[in-house]
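Worksheet: one structure, shown below.
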Amino acid sequence: MTGQLLLQTVLSGLLVGLVYALVAVGLTIIFGVMDIVNFAHGEFLMVGMYASFWGFALWKLDPLFTLPLTALALFALGAAVYRLVIRRITDAPMLSQIFTTFGLMILARGLAQYLWKPDFRSVDRTIVAGKVAFAGLQFGLPQVVAAGGAVATTGAVWWFLRSTRLGAALEATAADKEAAALMGIDAQKMFALAWGIGAGCAGVAGALLSTYYPIFPEVGANFILMAFVLVALGGFGSVTGAFWAGILVGVVEVVGGFLWDPAYKLVLVLALYLLVVWLRPQGLLGKA
Amino acid sequence: MSRRTGLAVGLASLLGAALFPLLVTRPTWQNTAILMLMTAQLGVAWNILGGYAGQVSLGHAAFFGTGAYVSTLLSMRLGVSPWAGMLAGGAVAAALSAVIGWPCFRLKGHYFAMATIAVGEIVQALVNGWEALGGAVGFSLPFTESGLWGFVWGRSKLPYHYIALGLLLLTLSVNWLVTRSHVGYYLRAIKDEPDAARSLGVSLGRYKQIAMMLSSALAAMGGTLYAQKELFIDPGSTLSTSLSIKMALVAILGGVGTLTGPIVGAVVLTAIEEASRIGFGGTGRGTDLIVYGLLIVVIAVYQPSGIMGWVARRWPAPGPAPTGPPAAGLAPEAKPS
Amino acid sequence: MSAPLLQVERLTKRFGGLVANEDVSFSLGAGEILGLIGPNGAGKTTVFNSLAGFFPPTSGEIRLDGRPVAGLPPERIAALGVARTFQIVRVFRSMTVLENVMVGAMLRHKAVRIARRLAEAALAFTGLDRRSHEAAGRLTVAEQKRLEVTRALATEPRLLLLDEVMAGLTQAEVQEAVEMVTRIRARGTACVVVEHVMEGIMPIADRMVVLERGRVIADGPPRAIASDPVVIAAYLGEEYRAPGP
Amino acid sequence: MKASRLALLATALGLVAPAAAQEIVLGVIYPLTGPAASTGIELKNAAQLAADLINGTDRSVGLPLAGAGGIPGLKGAKLKLVFADHQGNPQVGASEAERLITQEKVAALQGAYFSSVTATASQTAERYGVPFLNADSSSVALTNRGFKWFFRTTPHDELFAQNAFQFLKDLEKKKGVKVKRIAIFAENTEFGTGAAKLQEKYAKENGYEIVGKVLYPPKGTQLTSEVQKLKASNPDIVMQSSYLGDAILSMKTYKDLGFLPTGLLANDAGFNDSEFLKTMGKDGDYVISREVWALDLAAQKPVVARANALLQARHGVNFNGNSARAFTGIFALADAINRAGSTRPEDIRKALRATDIPGDQLIMPWSGIQFDETGQNRKGAGIIVQVQGGKYVTVWPFTLASKDVVWPLPAFEKR
């Protein structure tokens, strides 16, 4: 029995970890290209969830149908946030970057409560409702679909960075802003692109999460710490690093919480992070 | 502005702070003033490590909480006077910072900041689950008007105001002494060129550790003052990451690496918080968060080097520019090495 | 010859597959000046960094007054009396010239007043005292290199490692540098000088070590080195001969 | 229904009548931003409704002071509520309490939902000697601090824990249901750990076996490991203390992992929030929760229906345990001020000590409001409700029950 239960928790952890990874991928792209840690990244996730919710509440469109639209909307929002605010602090010291994104976080939560009331919302009837059960294991269908969606999106982003010209330009800018500029790459466009993709990833994650996770103005706070840990654990700027870190953390959190004590599952994840970063200061796959 | 006018402004504000509660008798303003002094003290303490040593810690609430818990436990369980508890809290926090600092100093820039967040969250989670430390319920300190010895007063705000002012002055003087001593020179050298400093015999770990221990001890003393003023402590109010971020925000807003930056930052940030909450909080529409967030963004975007940075530009003092934003490990181009 | 101040035996340093230094051996007495020359990429700075403790050698021994120091961190080696300058200048930009040198002086004298007095003396010695209240970042490259030397001297070292202090200097500035190094030696401080500027190093070096692709190909007095066919072929090229017979 | 709408209109008009002789200012502190903002605003609306009813002239609702056009004992002075947001932060709660006392010159305070914030805010009230009425925090510690100015109308966790086990005993007698194995599932905050400790104590006293105690950090990203642990301890019933977000997430996780105890006994909070049933739909059916109020009390107390109609008309939501208590709190304060005939804190305190409101003048299922020497309402009582057909119905005490309890919990699929 316990073997099966263990397998159940490992797989559940995997599903959760993949969604974490998608949120972290967005965060690490922004960091990779611009060395900015976006404290407001959770709020992109929140807006993605609200977009999916309103699509469902107003026009009865399932979050998975509106997912591409949500992704585009968040892409635009991310680029806009870059142009309006972040563009002015690209060369400011890390401290005021933290200060700015922290301000954006509070502003976004205030606006969300002002526009959409603080009540908890949820998408109660989604086409992916129900359960997946096989070999004595059981998983919520929304979670499985969310994990699938997360892997697909992360894969798409990875493919984009690896094999498209624009993706290569982005990677070049991440490697060295000045050198990339010499090659005629417009840094401003790249930064906007980075923030667009970053927010887009969070938007997709939001759409996927909205199928089973409650939606409220503060929801970003529940995920941002995990995203930070993954980015640092995977190595700042490394998409694959964030992906593997997501899986590792997801499994450690769920299995550790089950075997030891759920009250300390966050402590477990953080201790794991500190151990890895202490042994490899640049994280699993980060640039040395 | 020249050194003389700088000093004059300093003395004038000191006098103002000292006379404030005598002139303004409305308790709410007195309370806001105390909040400003306490926040300023934490900002200055944070700045010793974050500003001068260039090590951005986002987990400093762990030390603030240590101070609050140590003095509370000593006074409630052993009847030790909170004054002794305050010193003990400072010592325990310094020791804790040595344990935390040593492994973290291997890390640079963002990695160091992320590691301190992790440490802060772990400390909060552990205390939250630890029955002997009050667990999630925390402690309500007995409301005995035991005056100076017991460090608790009834309705009057004056004692708390002057203790907060005294603690701020102590923190400032420690900060000032550090900058005047070889430690201060070494810290600035480490921030500019860590390898060059090492080649001159400066052990990076040791001096960052000295800055960390001073910074955490002073933050812990701030924690004791908080416990004695609010008479209630729990992990959420004394160990949370949002408190750590606030300590950093205050220094950033005011101007990191400057002596009085965090004080100016504390006054402005607390004013924004109180005004936005009192002004709009009651509506329940989240407008106070909007105002608060908007003001932070505007200030951060237009004053990246903080208010004191703006002051220094506005009235340039003769001689070298103030230390300004730390370079080593923090300037954008410094990839985590 | 007094007991060798510095003894390097079979020093080897590999970065993964790349062999930066291989079996480098030489020694240096107190107050002696040793020139370390070789084409770019010969491993000169690697030797420097190994001596200064920035990375432990892959194998081999470094002894100071007979005491092994290989693998010690830079700050410990500095405390043992070895000071250095950097190929790419690393002054403390946001501090004044005087403050830069004071950081050096503080190795021996933590009291700020004494450190300031010693720093002023060092600045006078190297002729930078006129600029002591300037921000280090505002100095010319030549002045910044001179500041690094002053700062290193302020630690009262027994051995000074100078890494291309004369690179990029005008003719007159090279002479000033040569004169300064001579005065440094006169005070009993031994020097290992890495240089490309031949007319700067030849006149002052007691002995020369020539490196090529990480290996020592010659070790002897400057005149012998200048006429050694192996060195010439590897490095100096035909047209140069040591001054004089 | 038409009559009450007219009455409401009159109340509204009443509001704009020329300023009354003197205004009685009451300070109300609730979490109006942050994670608990939705509950905070429900409490605010209910309190405001109570004040408006007292200030208005419509007597149809049938509560003694309702429609009195202000406080008769003070020549019809109108009640004015000043709201403050403590954002869930104890320090902010204390400074807001001080602001309301010193700047808004409030005659009394009500608040603060979170027990930790009530602790600091009521401490400030104690320092200033201003009556603090707590209508909705259930931590036992609040009333054994020896405070003179602190009064609590709601029953506290100790009573709720006793109720839960009394309910299980009555269930056993009436329906022969034998429950042995209990698992406790709570967030590791003051609310959760406090309730868990009491549940453990009374489980031992009543001979039940605690087979698992799972504490979790609130606002987590998933509860899979927690529910797996519960499933592994295979309990007969789960006693759960969660706020709204985690209540929703845990129910969905139960369904996903196919875990269903024979009974789910919730400790109010998230399970009784109006959002819970809106979100869970029929998956929320048959959850049993301790409560202090339920709409079906109207069957025996018509005043409940009348009051609820007013809230429904104004905000489109029914009362729930939280908002009903906030509503009742204002009436208790108004009653005391009316008897004191003055806004001097000391007079209000004496009047509060002498409070003796009979049960039929409340919309609560209590036998009345009477404060003991620690300021705790000794006549408070809890009830147990179950979600049936998408509505909370009272199932215990059996004397008040409007429906029979459905036991065991039907599987999710068979609903």
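Residue numbers (our numbering), protein chains in the order written: chain A, 1 to 288; chain B, 1001 to 1337; chain C, 2001 to 2245; chain D, 3001 to 3415.
Even for Gly, the Cβ is constructed at its ideal location relative to N, Cα and C.
Being a predicted model, the structure only gives us computed values, none of them experimental.
Of the residues the options, the one placed nearest residue i, counting alpha carbons only
i, options, result
"Leu14(A)", "Leu279(A), Gly256(A), Arg280(A), Leu274(A)", "Gly256(A)"
"Glu2120(C)", "Leu2098(C), Val2019(C), Ala2135(C)", "Leu2098(C)"
"Ala2952(D)", "Thr3394(D), Val3304(D), Ala3186(D)", "Residue numbering for chain D in the displayed model covers 3001 to 3415; residue 2952(D) lies beyond these limits and cannot be assessed."
"Ser1156(B)", "Val1298(B), Pro1027(B), Leu1294(B)", "Pro1027(B)"
"Leu272(A)", "Ala245(A), Asp124(A), Phe120(A), Phe258(A)", "Ala245(A)"
"Trp3366(D)", "Arg3415(D), Glu3158(D), Thr3328(D)", "Thr3328(D)"
"Met1038(B)", "Trp1310(B), Arg1285(B), Ile1290(B), Val1264(B)", "Val1264(B)"
"Ala242(A)", "Val23(A), Trp54(A), Thr2(A)", "Val23(A)"
"Phe223(A)", "Asn38(A), Leu284(A), Phe99(A), Ala51(A)", "Asn38(A)"
"Lys3350(D)", "Lys3078(D), Pro3397(D), Ala3108(D), Gly3321(D)", "Ala3108(D)"
"Gly1147(B)", "Pro1082(B), Thr1066(B), Gln1209(B), Thr1116(B)", "Pro1082(B)"
"Leu1249(B)", "Ser1276(B), Gly1306(B), Leu1133(B), Ala1227(B)", "Gly1306(B)"
"Glu2195(C)", "Phe2055(C), Ala2135(C), Leu2169(C)", "Leu2169(C)"
"Tyr3202(D)", "Thr3033(D), Val3385(D), Glu3158(D)", "Glu3158(D)"
"Trp1046(B)", "Arg1314(B), Gly1223(B), Leu1289(B), Leu1015(B)", "Gly1223(B)"
"Lys3231(D)", "Arg3353(D), Asp3404(D), Ile3184(D)", "Ile3184(D)"
"Val1044(B)", "Val1009(B), Leu1259(B), Ala1115(B), Ala1017(B)", "Leu1259(B)"
Per-residue contacts from residue i into chain C (C-beta, under 7 Å)
i, result
"Leu1200(B)", "Ala2078, Val2103, Gly2104, Leu2107, Arg2151, Thr2155"
Proximal residues of chain B, C-beta to C-beta of residue i below 7 Å
i, result
"Val2192(C)", "Within chain B, no residue comes near Val2192(C); the closest Cβ sits about 14 Å away, beyond 7 Å."
"Arg2084(C)", "Ser1199"
"Pro2057(C)", "Residues of chain B passing the Cβ test: none, with the nearest at roughly 17 Å."
Residue burial classification, residue i (beta-carbon count within 10 angstroms, cutoff 16)
i, result
"Asn2040(C)", "exposed"
"Met183(A)", "exposed"
"His1110(B)", "buried"
"His1182(B)", "buried"
"Trp278(A)", "exposed"
"Thr1323(B)", "Bear in mind that a pLDDT of 46 at Thr1323(B), under 50, signals an unreliable position, so the model cannot answer this."
"Asn3163(D)", "buried"
"Arg3290(D)", "buried"
"Pro2150(C)", "Before going on, a small fix: residue 2150(C) reads as Thr here, not Pro. Under this definition Thr2150(C) is a buried residue."
"Ala1125(B)", "buried"
"Glu1333(B)", "Residue placement at Glu1333(B) is poorly supported in this model, since its pLDDT is 33, which falls under 50; the coordinates still yield a value, given next. Answer is exposed; the Cβ neighbour count stays below 16."
DSSP beta-bridge partners of residue i
i, result
"Gln2007(C)", "Ser2027(C), Arg2063(C)"
"Leu3109(D)", "Gly3027(D), Phe3132(D)"
Neighbouring residues, chain D, relative to residue i (Cβ below 7 Å)
i, result
"Thr1028(B)", "Glu3098, Arg3099, Thr3102, Gln3103"
"Phe139(A)", "Asp3256"
"Val1137(B)", "Glu3190, Thr3193, Gly3194"
Per-residue contacts from residue i into chain A (C-beta, under 8 Å)
i, result
"Thr3328(D)", "Those within 8 Å of Thr3328(D) in chain A number zero; the least Cβ separation is about 23 Å."
Chain-ordered chain C contacts of residue i [CB-CB under 9 Å]
i, result
"Tyr1186(B)", "Val2103, Met2106"
"His1182(B)", "Met2102, Val2103, Met2106, His2109, Lys2110, Ala2111, Val2112, Ala2115"
Closer than 9 Å at the beta carbon, the chain A residues around residue i
i, result
"Thr3057(D)", "Chain A residues near Thr3057(D): none, gap ~32 Å exceeds 9 Å."
Contact set between residue i and chain D, taken where Cβ atoms lie within less than 8 Å
i, result
"Ser1237(B)", "Asn3089, Pro3090, Gln3091, Ser3116"
7 Å Cβ cut-off: residues of chain A touching residue i
i, result
"Leu1249(B)", "Phe99, Phe102"
For this session: Can you give me, in chain order, the residues of the segment 1089-1116 of chain B that have a beta carbon less than 9 Å from any beta carbon in chain A?
Result: Pro1103, Cys1104, Arg1106, Leu1107, Lys1108, Gly1109, His1110, Tyr1111, Ala1113, Met1114, Ala1115
Exercise. When you check each C-beta in the segment 252-272 of chain A against every C-beta of chain D, which residues fall closer than 8 Å?
Worked result: Within the segment 252-272 of chain A, the qualifying residues are Glu253, Val254, Val255, Gly256, Gly257, Phe258, Asp261, Pro262, Ala263, Lys265, Leu266.
Exercise. Looking at chain B, which residues of the segment 12-44 of chain A have a Cβ within less than 7 Å of any of its Cβ atoms?
Worked result: Near chain B, meaning a CB-to-CB distance below 7 Å, the residues of the segment 12-44 of chain A are Asp35, Val37.
For this session: Output, in sequence order along the chain, the residues in the segment 221-237 of chain A whose CB is closer than 7 Å to any CB in chain D.
Result: Ala221, Asn222, Phe223, Met226
Exercise. Just by C-beta distance, which residues in the segment 1202-1217 of chain B are closer than 9 Å to chain C?
Worked result: Val1202, Ser1203, Leu1204, Arg1206
Problem set entry | Contact residues within the segment 3370-3385 of chain D, judged by C-beta distance below 8 Å to chain B | none
For this session: Scan the segment 58-90 of chain A for residues whose Cβ lies nearer than 8 Å to a Cβ of chain B and list them as they occur along the chain.
Result: Val85, Arg88, Ile89, Thr90
Problem set entry | Positions along the segment 106-130 of chain A whose CB lies within less than 8 Å of some CB in chain B | Ile106, Leu107, Ala108, Arg109, Gly110, Leu111, Ala112, Gln113, Tyr114, Pro118
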